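Going down the list, the protein sequences come from chains A and B.
1 is the number of the first residue of the first sequence in the numbering used here; add one for each residue after it.
1 is the number of the first residue of the second sequence in the numbering used here; add one for each residue after it.
Protein chains: 2
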Amino acid sequence: MPDRPRLDFWFEFASTYSYPAAMRIAPLAEARGVDLRWRPFLLGPIFRAQGWDNSPFNIYPVKGRYMWRDLERVCGALGLPFTQPPSFPQNGLTAARVALAGLAQGWGEEFCRGIYRAQFGDGRDIGEPATVAGVLAALGQDTEAALKQAQSDAIKNALRAQTEEAQRLGIFGAPSFVTADGELFWGNDRLEAALDWALSLSRRGGER
Amino acid sequence: MPDRPRLDFWFEFASTYSYPAAMRIAPLAEARGVDLRWRPFLLGPIFRAQGWDNSPFNIYPVKGRYMWRDLERVCGALGLPFTQPPSFPQNGLTAARVALAGLAQGWGEEFCRGIYRAQFGDGRDIGEPATVAGVLAALGQDTEAALKQAQSDAIKNALRAQTEEAQRLGIFGAPSFVTADGELFWGNDRLEAALDWALSLSRRGGER
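Spelled out as structure tokens, the structure:
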């Protein structure tokens, strides 16, 4: 029997194009029968290794201006709400830690979509604990318990390990998608190609 | 009567993703009834304005490795031949000047496709006069006359002016597409969106 196809979805909460990817990946994967793993990580250490202490969209303003306009168009085409947040990039550390805890407990995906919607749909600051708490509350989670767990050493270490794994996989931006054989796809635009690759692998597996 | 939709296709011969864009843009535009203007320009001065003296794919090797693999996949999906050229980025100055002359004389588009095919399909060096001459000869052009014309002050100035225009339009990479109302789209992935935008403008024009 062929393995069921799977795809790792690597994302960083501060990443703009991760927003449309996060909002559309689940139904696309479901329709193709691909199992997803949601893998939050931090771009900061990866950018620093490339010599950047800020988002390249801020370092290169002409590219940044284009990105915001393009993101608005991409969201418009997908019917996603879009508001450019007043500050960029935002601090997604707490959200990433909470997501890691939530993904192990079954409410992580909905939390991730909630964080992206708060930031790029409503233009809120996800670095504010109140924003993260609001998303948790909307999911019916015990806000205080979730935020406390997110500060545990286990979660902190898990996020650090996940970021190191992303770097080992050759990930340099977000969103990225990695198939079971290590094939890397970068950008919201490559989601369909990544799903196709995952499926073709699983078919080849079935022919062995 | 509505204006016929048009789209400016801005490309640089050294640009990797301009290759698939150049090979597929004409039939796509034709099928949608969009008039194309092929606009060669030089990325060098634009990159220098951003503080780069080399391609970002060389400055950031992890991104460069990904790009070559991704380009191979993109070309594979389109059925385009692909060979990574031994050197990158190549010097596309002569080719751009010849293209500018050829576009005014009706053989420019085929020349542009020939240059891209030589570089990224066959892995040849388009900075070599022999490569440019070979593409010209395959089109039945008078090689010597075309190369001489490309060195004229008129053509040199026209290419310089075109590069300055690209910069004024906010272009920071290639391929780029610009509609009649100045909307900018960057990357081979955005070709369809740019054509759609050009069409929607022309429809709105028709409703005035």
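Yeah, the Cβ is synthetic: ideal placement off N, Cα and C, and Gly gets one too.
Bear in mind that the values here come from a model prediction, so they are computed numbers and not experimental data.
Taking 9 Å as the threshold, the shortest C-beta distance from A:Trp186 to chain B falls below it. Classified as buried, A:Gly173 has 16 or more neighbouring CB atoms from the shown chains inside 10 Å of its CB. For the pair B:Glu110 and B:Leu159, the Cα-to-Cα distance works out to about 19 Å. In the DSSP assignment, the residues bridged to A:Thr179 are A:Leu7. By the C-beta criterion, the segment 80–92 of chain A is judged not to be in contact with the segment 144–153 of chain A, since fewer than 3 inter-stretch pairs fall below 8 Å. Distances from the alpha-carbon of A:Ala96 to those of A:Gly33, A:Pro56, A:Gln84 and A:Ala161 put A:Ala161 closest.
Residues of the same chain with a CB within less than 6 Å of the CB of A:Ile171, apart from the 5 flanking positions on each side, are Trp10 in chain order.
Residues of chain A whose Cβ lies closer than 7 Å to the Cβ of B:Gln50 are, in chain order, Tyr60. Sixteen is the threshold: when 16 or more other Cβ atoms of the shown chains lie within 10 Å of the Cβ of B:Gly127, as they do, the residue is buried.
In the DSSP annotation of this structure, A:Trp52 is not part of any alpha helix (DSSP H), being labelled neither H nor E. Against chain A, the CB of B:Arg73 has a partner CB under 9 Å away; the residue lies at that interface. Residues of chain A with a Cβ closer than 8 Å to the Cβ of B:Ala193 are, in chain order, Arg73 and Ala77. Between A:Tyr17 and chain B, the shortest Cβ-Cβ separation is not below 9 Å. In this structure, B:Leu100 sits away from B:Gly106, with a CB-CB distance that is not shorter than 9 Å. Between A:Ala22 and A:Gly44, the alpha-carbon positions lie close to 19 Å from each other.
With a beta-carbon spacing of about 23 Å, A:Leu103 and A:Trp197 fall beyond the 8 Å limit used to define contacts.
Under the three-state reduction of DSSP, A:Pro40 is assigned to strand. Across the set A:Gln167, A:Trp186 and A:Ser87, the C-alpha of A:Ser87 shows the shortest separation from the C-alpha of A:Arg124.
When the beta-carbon positions are compared, B:Leu169 and B:Gly182 come within less than 9 Å of each other.
Taking a C-beta cut-off of 7 Å against chain B, none of the residues of the segment 147–165 of chain A qualify. When the alpha-carbon of A:Val74 is set against those of A:Asn54, A:Tyr116, A:Tyr17 and A:Ala193, the nearest one is in A:Tyr17.
In the three-state scheme derived from DSSP, where H, G and I count as helix and E and B as strand, B:Trp186 is classed as strand. B:Asp70 has no beta-bridge partner at all, per DSSP. In this structure, DSSP gives A:Asp196 a helical state, which the three-state scheme calls helix. A:Asp125 carries a coil assignment under DSSP once its states are collapsed to helix, strand and coil.
Following the DSSP letters along the chain, one finds B:Thr83 in no alpha helix (DSSP H), marked with neither H nor E. With distances taken between CA atoms, A:Cys112 lies nearest to A:Tyr19 out of A:Pro5, A:Tyr19 and A:Ile46. Contact annotation: B:Ala180 and B:Asp3 have beta-carbon atoms nearer than 9 Å. An exposed status is given to B:Asn157, since fewer than 16 other beta-carbon atoms sit within 10 Å of its beta-carbon.
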